[in-house]
Amino acid sequence: MAICDFAPLPGPSAAEKRAEIGWFAAVDLLEYQGKQLFARHGVPVPRGEVADNVEAAVEATDRIGYPCVIKAQVQIGGRGKAGGIKVAENREQAKEHADAILGMDIRGPRGEGPFTVHQVWIEGASEIEAEYYASIILDRSAKKLMTMLSTMGGMNVEEIAEKDPDALVKRHVEPKDGFGEAEAAALAADAGVAEDAREKTAAMLVKLYEAFNDSDATLIEVNPLVVTKDRDVIALDSKVTIDNSALFRHDELAELEDRTGEDPQEQMAKEKGLTYVKLDGDIGILGNGAGLCMSTLDVVAQAGGKPANFLDAGGGSKAEAIVDALEVITSDERVVAILFNIFGGITRCDEIAKGIIEASGQIEIGVPFVVRLDGTNSEEGLALLADADLPNLHVEKTMLGGAEKVVELAKAGATA
Amino acid sequence: MSIIVGDDTTLVISGLTGREGTFHGLRNRDYGTDVVAGVTPKKGGQDVDGIPVFDTIKEAVDERGANTSMIFVPARFAAAAIHEAIDAGIGTVIAITEHIPVHDMLDVYWKAREAGVRLVGPNCPGVLSPEKANVGIIPAQFFDQGSIGVVSKSGTLTYQIGNELKQAGLGNSTIVGIGGDPIVGSDFIDVLTLFEEDDETELIVMVGEIGGDAEERAAEFIAESVGKPVVAYIAGFTAPPGKQMGHAGAIISGSSGTAEAKKEALEAKGVRVGKSPTETAQLAVETIGAKA
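If you read the protein sequences in the order shown, they are chains B and A. For reference, each letter of the first sequence is one residue, going 1 to 416 in our numbering. For reference, each letter of the second sequence is one residue, going 1 to 292 in our numbering.
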């Protein structure tokens, strides 16, 4: 089995510029990016190439040889079932599959997405004798890393656990001991890995553990981890999640582009460094702090409205961030009314008010706008708003009052 | 009594000389917190409005008797500051800084546990015991002294609920922001344990949000070990489902981490869960009223 070697990753430190994404603060690697990470740590992976158009894909399959596998590169599971992974026996099939897969929309098992396929990964087909499952994950409850191994790979781990709980061996990594050869060998033996594949499996687990720590991962999952006819052990798939907060020290991951922000508002928010998630309603929302922002969505929904987005202005928001936020929200044509729900702690309400006044001078806010300001410097903020006497602006004292008002205005706006 | 911070607190602030550190540090002092020192490397000998600044936390402990430290330094230096506080013999560390890498927090977490140091946060608003001490960024004007303990993953949501309680004429023993990061020094169970033992606390309000299984584990703990009434609020019912790459997370926690699952877990153990911050405050008022 040929083991791939990759060119070094290009690019400057995009990691530094990456926008923070609040409560899902993690970056998922595409399969091939995960395999590149594995390869850098000596984990055996099939030789392969990435392509973003049909012509390049066919050139790649010719180089790799047939049969080969063409795999959609999207940050979501369930690609196989969605038709995103195909085997090509020859050039015609390769062209046909690449054509079908590139550009297709794939939804996750829970309806996430859709994720559009912009790249395919092409690798030589492996002669598989056994499929295992391996993972390392941060166990938030135990505050430890957890390693898992099963000889029932191929299916997802929830199915394994359901079918035969004993077939999934789980071990915490004790902070004092770490995870070395001895721990890996014990895990492989306990999971019932075939004896002639045990040493190589254990060696791979140790390398995966090193990759996990070196890259600040919170999840590495290999499913399947396969034993080939030649009794080689290779990682045939990769799922890797990296802690967003640690990206500043990972220039080698700089080329990773988050493909979730293709929506115009999400793109715009990302450029401005705001935490924005698009939802399917028509009420633009801004809150400060992820918890209050989520709670604002909940109360707007309870009042009968449909939020158009989640937008967390974050702690210590300044006027400039508010101008940016209003630009993003008003650029969304679906929005018929806006609610700002601010309770100031580190955020100062006078800064928020200044931002609102500044923004109304720069951009046209053509929809009714409800503001609720409470907390640090709220009196100053409310006084500024009162002086400015902006058209379309409604000040509400409470969160529930703000939610009810914005829903009322949205309904009036939608029927107008 | 109160928990974690109180009349005995002598505070050293790492990052006092920074813009936000100065703003909130002075607010904490103005509230009445005994802020004895600030720490910024290479700025020893300076002062911030009369608060002496040292190069190290050790000096602040030796010369000013600091027993509690607040971490207000940028994320990439914050874990080192927590290590420094633990090594200097500080008993309580409250970390406000957000975006500390989770791998750094794993190390810090176990070091604090082994040293017997109480760590709160990171990425939290801090701890406020009304009329006694405020350590962090919680706007104290929205909280009166009283008998309700609050423990929360979210900052702004906590102020919201505290404000509702105040308007209903109720006050707090202590408000603890534990932070919503994957690894926090103190979780719901740690703080529930302290409130259960605290004489001043008669009722506990717990504020959770989607993600992880801390609320589910707290529900089990409440059923087994908490005699005081608990009311809860969970945020994130309309949050979009996070995309899931692997399935390993669901396997280890046995929970989907959704707001609905958390609400059900709590209600199954007899904890009343409010639909909004306002309703949660009302439930607390009703429960306290019924008890009196």
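The beta carbon of each residue, even a glycine, is placed where N, CA and C say it ideally should be.
Margin query: Between Gly15 of chain A and Val61 of chain A, how many whole angstroms is the CB-CB distance? I'm expecting something under 8 Å.
Written below: Counting from 1 along the second sequence, the entry for residue 15 of chain A is found at position 15. Counting from 1 along the second sequence, the entry for residue 61 of chain A is found at position 61. Their Cβ separation, rounded to whole angstroms, is 17 Å, which puts Gly15 of chain A and Val61 of chain A out of contact at 8 Å.
Margin query: Using only the alpha-carbon positions, how far apart do Asp374 of chain B and Gly304 of chain B sit?
Written below: Locating residue 374 of chain B in the first sequence gives position 374, counting from the first residue. Locating residue 304 of chain B in the first sequence gives position 304, counting from the first residue. Cα to Cα, Asp374 of chain B sits roughly 24 Å from Gly304 of chain B.
Item checked: Backbone secondary structure at Ala303 of chain B - three-state DSSP -> Along the first sequence, read from residue 1 onward, the residue named residue 303 of chain B stands at position 303. Ala303 of chain B: coil per DSSP, three-state reduction.
Item checked: DSSP state of Ala265 of chain B mapped onto helix, strand, coil -> Walking along the first sequence from the start, residue 265 of chain B turns up at place 265. Ala is not the amino acid found at residue 265 of chain B; the sequence shown has Gln there. Note: Gln265 of chain B maps to helix in three-state DSSP.
Check: Residues bridged to Cys68 of chain B by DSSP?
Finding: Indexing the first sequence from 1 puts residue 68 of chain B at position 68. Per DSSP, B:Ala88 and B:Gly124.
Margin query: Give the list of continuous beta strand (DSSP E) stretches no shorter than 3 residues that lie fully inside the stretch 113 to 172 of chain A.
Written below: 118 to 120, 126 to 129, 133 to 136 and 145 to 152
Check: When the Cα atoms are used, what is the spatial distance from Asn392 of chain B to Phe369 of chain B?
Finding: Numbered from its first residue, the first sequence carries residue 392 of chain B at position 392. Numbered from its first residue, the first sequence carries residue 369 of chain B at position 369. Roughly 6 Å between the two C-alpha positions.
Next item on the list: Mind checking who Phe310 of chain B pairs with in its DSSP beta bridge?
Entry: Counting from one through the first sequence, the residue named residue 310 of chain B turns up at place 310. Phe310 of chain B is bridged to B:Val277.
Note to self: If you follow the beta strand (DSSP E) that Asn223 of chain B is in, where does it begin and where does it stop?
What the structure shows: Translated into positions along the first sequence, residue 223 of chain B becomes position 223. Where Asn223 of chain B is concerned, the enclosing beta strand (DSSP E) stretches over Ala217 to Thr228.
Note to self: Here's a check: name, in chain order, each residue in its chain whose Cβ is nearer than 8 Å to the Cβ of Ile148 of chain A, leaving out the five neighbours to either side.
What the structure shows: Position 148 of the second sequence, counting from 1, holds the residue named residue 148 of chain A. Excluding residues within five positions, the ones whose Cβ falls inside 8 Å are Leu165, Leu170, Gly171, Asn172, Ser173, Thr201, Glu202, Leu203, Ile204, Val205, Ala284 and Ile288.
Margin query: Rounded to whole angstroms, what is the Cα-Cα separation between Gln302 of chain B and Gly287 of chain B?
Written below: Translated into the one-based positions of the first sequence, residue 302 of chain B becomes position 302. Translated into the one-based positions of the first sequence, residue 287 of chain B becomes position 287. Roughly 17 Å between the two C-alpha positions.
Check: Between Gly179 of chain A and Pro122 of chain A, is the Cβ-Cβ spacing less than 9 Å?
Finding: Position 179 of the second sequence, counting from 1, holds the residue named residue 179 of chain A. Position 122 of the second sequence, counting from 1, holds the residue named residue 122 of chain A. Cβ atoms of Gly179 of chain A and Pro122 of chain A: closer than 9 Å.
Margin query: Let me make sure I understand the geometry here. Which of A:Val231, A:Ile161, A:Val53 and A:Glu196 has the alpha-carbon closest to that of Ser225 of chain A?
Written below: Mapped onto the second sequence, residue 225 of chain A falls at position 225. Ranking the options by Cα distance to Ser225 of chain A, first place goes to A:Glu196.
Next item on the list: Kindly say whether Thr116 of chain B, judged by its beta-carbon, lies nearer than 9 Å to any beta-carbon of chain A.
Entry: For this step, residue 116 of chain B is matched to residue 116 along the first sequence. Taking Cβ atoms only, chain A never reaches closer than 9 Å to Thr116 of chain B, which makes this a no.
Item checked: Interface flag, Val299 of chain B vs chain A, CB-CB below 9 Å -> Here residue 299 of chain B refers to the residue found at position 299 when the first sequence is read from its first residue. Judged by the 9 Å Cβ criterion, Val299 of chain B is in contact with chain A.
Next item on the list: Label Asn90 of chain B either buried or exposed according to how many other C-beta atoms from any shown protein chain fall within 10 Å of its C-beta, with 16 as the threshold for buried.
Entry: Here residue 90 of chain B is taken as the residue at index 90 of the first sequence, counted from 1. Exposed, since its Cβ has fewer than 16 Cβ neighbours within 10 Å.
Margin query: Need the endpoints of the alpha helix (DSSP H) that Ala388 of chain B sits in, please.
Written below: Position 388 of the first sequence holds residue 388 of chain B. That run of the alpha helix (DSSP H) goes Ser378 to Ala388.
Note to self: Alpha carbons only, please: which of B:Gly402, B:Arg372, B:Glu364 and B:Ile357 is nearest the one belonging to Asp387 of chain B?
What the structure shows: In the first sequence, counting from the first residue as 1, residue 387 of chain B sits at position 387. Minimum Cα distance to Asp387 of chain B is reached at B:Ile357.
Item checked: When A:Val135, A:Gly155 and A:Asp87 are compared against Leu11 of chain A, the one with the closest alpha-carbon -> For this step, residue 11 of chain A is matched to residue 11 along the second sequence. Closest option to Leu11 of chain A, Cα to Cα, is A:Val135.
Next item on the list: Just tell me which of A:Pro182, A:Ala223 and A:Phe143 has its CA closest to the CA of Lys153 of chain A.
Entry: On the second sequence, residue 153 of chain A is found 153 positions in, with the first residue counted as 1. Checked all of A:Pro182, A:Ala223 and A:Phe143; the closest Cα to Lys153 of chain A is A:Pro182.
Margin query: Out of B:Thr151, B:Thr398 and B:Arg40, which one is the CA nearest neighbour of Asp214 of chain B?
Written below: Locating residue 214 of chain B in the first sequence gives position 214, where the first residue counts as 1. Checking every option, the nearest Cα to that of Asp214 of chain B belongs to B:Arg40.
Notebook entry, point to check: Is Glu112 of chain B buried or exposed, if buried means 16 or more other CB atoms sit within 10 Å of its CB?
Noted result: As a first step, residue 112 of chain B is located in the first sequence; it is residue number 112 there, counting from the start. Per the 10 Å Cβ criterion, buried.
Checklist line | Cα-Cα separation, Arg217 of chain A to Glu162 of chain B | finding: The sequence position of residue 217 of chain A within the second sequence is 217, counting from 1. The sequence position of residue 162 of chain B within the first sequence is 162, counting from 1. Between Arg217 of chain A and Glu162 of chain B, the C-alpha separation is close to 22 Å.
Next item on the list: Look at Val207 of chain A and Ala232 of chain A and say whether their C-beta atoms are less than 9 Å apart.
Entry: Counted from its first residue, the second sequence places residue 207 of chain A at position 207. Counted from its first residue, the second sequence places residue 232 of chain A at position 232. Result yes, Cβ atoms of Val207 of chain A and Ala232 of chain A sit closer than 9 Å.
Notebook entry, point to check: For Thr9 of chain A, which three-state DSSP category applies?
Noted result: Against the second sequence, residue 9 of chain A aligns to sequence position 9. Correct three-state label for Thr9 of chain A: coil.
Next item on the list: For Thr151 of chain B, decide whether its Cβ has a neighbour in chain A, counting only Cβ atoms nearer than 9 Å.
Entry: Residue numbering aside, residue 151 of chain B sits at position 151 when the first sequence is read from its first letter. With 9 Å as the cut-off, Thr151 of chain B does not count as an interface residue toward chain A.
Margin query: Could you tell me which whole alpha helix (DSSP H) segments of length 4 or greater appear in the stretch 27 to 65 of chain A?
Written below: 57 to 64
Note to self: Considering only the alpha carbon of each residue, which of A:Glu286, A:Asp213, A:Pro277 and A:Gly227 lies closest to Glu264 of chain A?
What the structure shows: As a first step, residue 264 of chain A must be located in the second sequence, where it is residue number 264. Taking only the C-alpha atoms, the option nearest Glu264 of chain A is A:Asp213.
Next item on the list: Would you please state the rounded distance, in angstroms, between the beta carbons of Leu311 of chain B and Val323 of chain B? I believe it to be under 8 Å.
Entry: As a position in the first sequence, residue 311 of chain B is number 311, starting the count at 1. As a position in the first sequence, residue 323 of chain B is number 323, starting the count at 1. Incorrect: roughly 13 Å between the Cβ atoms, too far for contact.
Check: When you compare only the Cα positions, how much space is there between Asn223 of chain B and Gly116 of chain A?
Finding: The residue given as residue 223 of chain B occupies position 223 in the first sequence. The residue given as residue 116 of chain A occupies position 116 in the second sequence. Going by the C-alpha atoms only, they are around 40 Å apart.
Notebook entry, point to check: The beta strand (DSSP E) spanning His83 of chain A covers which residue range?
Noted result: Your numbering for residue 83 of chain A matches position 83 in the second sequence. His83 of chain A -> not in any beta strand (DSSP E); alpha helix (DSSP H) instead, spanning Ala75 to Asp87.
Check: Does DSSP put His41 of chain B in a helix, a strand or coil?
Finding: Numbered from its first residue, the first sequence carries residue 41 of chain B at position 41. DSSP places His41 of chain B in coil when its eight states are reduced to three.
Check: Got a sec, what are the start and stop residues for the alpha helix (DSSP H) Met204 of chain B sits in?
Finding: As a position in the first sequence, residue 204 of chain B is number 204, starting the count at 1. Looking at the DSSP string, the run of the alpha helix (DSSP H) that includes Met204 of chain B is Glu195 to Asp214.
Checklist line | First and last residue of the uninterrupted alpha helix (DSSP H) at Ala225 of chain A | finding: Residue numbering aside, residue 225 of chain A sits at position 225 when the second sequence is read from its first letter. Note that residue 225 of chain A is Ser in the sequence shown here, rather than Ala. Ala214 to Ser225 is the extent of the alpha helix (DSSP H) around Ser225 of chain A.
Next item on the list: If I'm right that Thr9 of chain A touches Ala133 of chain A with Cβ under 8 Å, what's the distance once you round it to whole angstroms?
Entry: For the purposes of this step, residue 9 of chain A is taken as residue 9 along the second sequence, with counting starting at 1. For the purposes of this step, residue 133 of chain A is taken as residue 133 along the second sequence, with counting starting at 1. Contact flag correct, Cβ pair sits at about 4 Å.
Check: With 16 as the cutoff for other CB atoms within 10 Å, does Val87 of chain B come out buried or exposed?
Finding: To locate residue 87 of chain B, count along the first sequence from 1; it is residue 87. Label assigned to Val87 of chain B: exposed.
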